[in-house]
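Each remark here refers to the structure printed beneath this line.
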Amino acid sequence: MPSFAEFLSVWTFDPWALLTALFLGGSYLWAVRSVAERWPLRRTAMFFLLGLASYLWVSCGFLGSYAEELRWAFSIKLALLLFVVPLLLALGKPLTLARLAFPRGRTRTVLARLTRRPLAFFGNAVVAPILGLLLFSMMLTPLAGTLRLNAPLDQGLTVLLPLVGLLMVLPVAEAGGKALNGLIVLQLLFAFIELLLDAVPGVFLRLSNTVLDGAAPFSGAQPPWFPNPLRDQQLAGDWLWFIAEAADLPLLILMFMRFATMDKRERAAVDELSDEEMEALSEAHLQRFYGNDGRSS
42 MPSFAEFLSV WTFDPWALLT ALFLGGSYLW AVRSVAERWP LRRTAMFFLL
92 GLASYLWVSC GFLGSYAEEL RWAFSIKLAL LLFVVPLLLA LGKPLTLARL
142 AFPRGRTRTV LARLTRRPLA FFGNAVVAPI LGLLLFSMML TPLAGTLRLN
192 APLDQGLTVL LPLVGLLMVL PVAEAGGKAL NGLIVLQLLF AFIELLLDAV
242 PGVFLRLSNT VLDGAAPFSG AQPPWFPNPL RDQQLAGDWL WFIAEAADLP
292 LLILMFMRFA TMDKRERAAV DELSDEEMEA LSEAHLQRFY GNDGRSS
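With the working numbering applied, the sequence shown corresponds to residues 42 to 338, in that order.
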């Protein structure tokens with residue numbers, strides 16, 4: 042492994058990452074200036090200092106610089122771009138900001154139509170585990186070597202993965218109190234499934250005794266700390282497993298907090314009901330499942 046100083050000092054210019062960061066940052070600043078009320082400064086700071094800064098560090102720093110030569114750098118880069126960077130960008134509440142920046146009208150209606158289906162699809166509790174599993178299972182095939190060694194494909198992933206990650210994270214991070222308890226329980230179930238599934242590709246990479254991506258060893262000048270191809274793959278499995286599992290924990294904690302808040306609110310509302318109102322509520326609930334003759338409908 043490289044020294045800590047070398048890990049922090051290596052940088053490479055990535056024009057596509059820079060253009061993506063400029064687009065996201067410019068759009069965010071425009072929205073901040075457009076909102077009628079004062080937007081919290083801490084949200085703006087988190088979006089730029091945590092979200093965009095981490096994106097540029099992953100894309101242009103050591104991981105982006107050595108993604109072509111090192112499997113573990115490439116794996117860490119993909120995992121961070123899909124899971125960690127979107128979580129940090131979501132701290133800036135970009136979806137809430139967009140709603141405030143566009144008053145009700147034609148533009149907001151058009152944007153809502155364009156984003157509703159992608160958010161509903163990628164934010165679905167079933168899609169996220171499958172998408173993560175498919176992406177990381179790719180590391181077990183020669184496709185991983187093709188993506189790693191092909192610069193245009195690697196740059197495309199650098200641009201697309203954070204956007205896809207945002208589509209998965211934003212519905213959970215900005216749902217507020219609109220979700221139902223039953224829906225949150227279902228999301229928690231699939232989040233636990235995702236926690237288990239994300240570990241599978243990393244475990245296979247770690248335990249395999251053969252290099253799975255079929256790529257030839259890097260033939261250029263190598264620093265003395267460069268691992269051999271098999272050890273490189275094992276390190277990729279270790280990091281992929283760790284990051285994929287760790288990135289699921291904040292979403293699980295957020296879902297638990299939302300469930301606890303909603304459950305507390307519902308219990309408080311029930312406690313405020315009188316005996317007559319509680320009896321009427323129970324009767325209405327029973328009528329939903331049983332007919333007037335007491336048999337199940």
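All C-beta atoms, glycine included, are put in the ideal place defined by N, C-alpha and C.
Note that this is a predicted model, so its numbers are computed, not measured.
query, result
"Alpha-carbon to alpha-carbon, Asp289 and Gly133", "19 Å"
"Contact check, Pro135 vs Leu208, beta carbons under 9 Å", "no"
"6 Å Cβ shell around Pro43 - same chain, five flanking residues per side excluded", "Trp266"
"Same chain, Cβ closer than 7 Å to Pro291, neighbours up to 5 away in sequence not counted", "Leu128"
"Contact belief for Ala114 with Ala120 at Cβ below 8 Å, rounded distance in angstroms", "Going by Cβ atoms, the distance from Ala114 to Ala120 rounds to 11 Å, so no, they are not a contact pair."
"Same chain, Cβ closer than 8 Å to Leu172, five either side skipped, listed in chain order", "Phe163, Val205, Met209"
"Whether Ile294 touches Val125 by CB criterion (9 Å)", "no"
"Ala46 (DSSP reduced to helix, strand or coil)", "helix"
"Neighbourhood of Leu174 by C-beta, 6 Å cutoff - its chain only, sequence neighbours within 5 removed", "Leu238"
"Nearest candidate by alpha-carbon position, reference Trp35, set Gln196, Phe177, Ala153, Ala240", "Outside the modelled stretch of the chain, which goes from 42 to 338, sits residue 35, for which no answer is possible."
"Whole-angstrom distance between Val213 and Lys219, CA atom to CA atom", "Its pLDDT being 48, under 50, Lys219 is placed unreliably in this model, and the value from its coordinates should be taken loosely. Each residue's Cα considered, the two are about 11 Å apart."
"Contact under 9 Å by Cβ, Leu49 with Phe88", "no"
"Unbroken alpha helix (DSSP H) run spanning Ser95, endpoints", "94–101"
"6 Å CB neighbourhood of Ala142 in its chain, flanking five on each side removed", "Ala72, Ser75, Val76"
"Contacting residues, own chain, Cβ-Cβ under 8 Å from Pro81 (five flanking each side not counted)", "none"
"Unbroken stretches of the alpha helix (DSSP H), 4 residues or longer, contained in the segment 234–278", "240–248"
"Nearest-angstrom beta carbon gap, Leu176 and Leu123 [assumed within contact, 8 Å]", "7 Å"
"Under the three-state DSSP convention, the category Lys219 falls into", "In this predicted model, Lys219 has a pLDDT of only 48, less than 50, meaning its place in the structure is not dependable; the value taken from the coordinates is given anyway. Reduced to three states, the DSSP call for Lys219 is coil."
"Whole-Å CB distance - Thr53 paired with Gly105, under 8 Å assumed", "6 Å"
"As assigned by DSSP and simplified to three states, the class of Gly105", "helix"
"Through-space distance from Gly102 to Val200, alpha-carbon basis", "15 Å"
"Beta carbon of Leu271 nearer than 9 Å to that of Val252", "yes"
"Sub-9 Å separation of Asp55 and Ser100 beta-carbons", "yes"
"Expected contact under 8 Å - CB spacing of Leu138 and Tyr96 to nearest Å", "So it is not a contact: roughly 18 Å between Cβ atoms."
"Nearest to Ser249 (by Cα), restricted to the options Ala257, Asp273, Pro258, Pro264", "Asp273"
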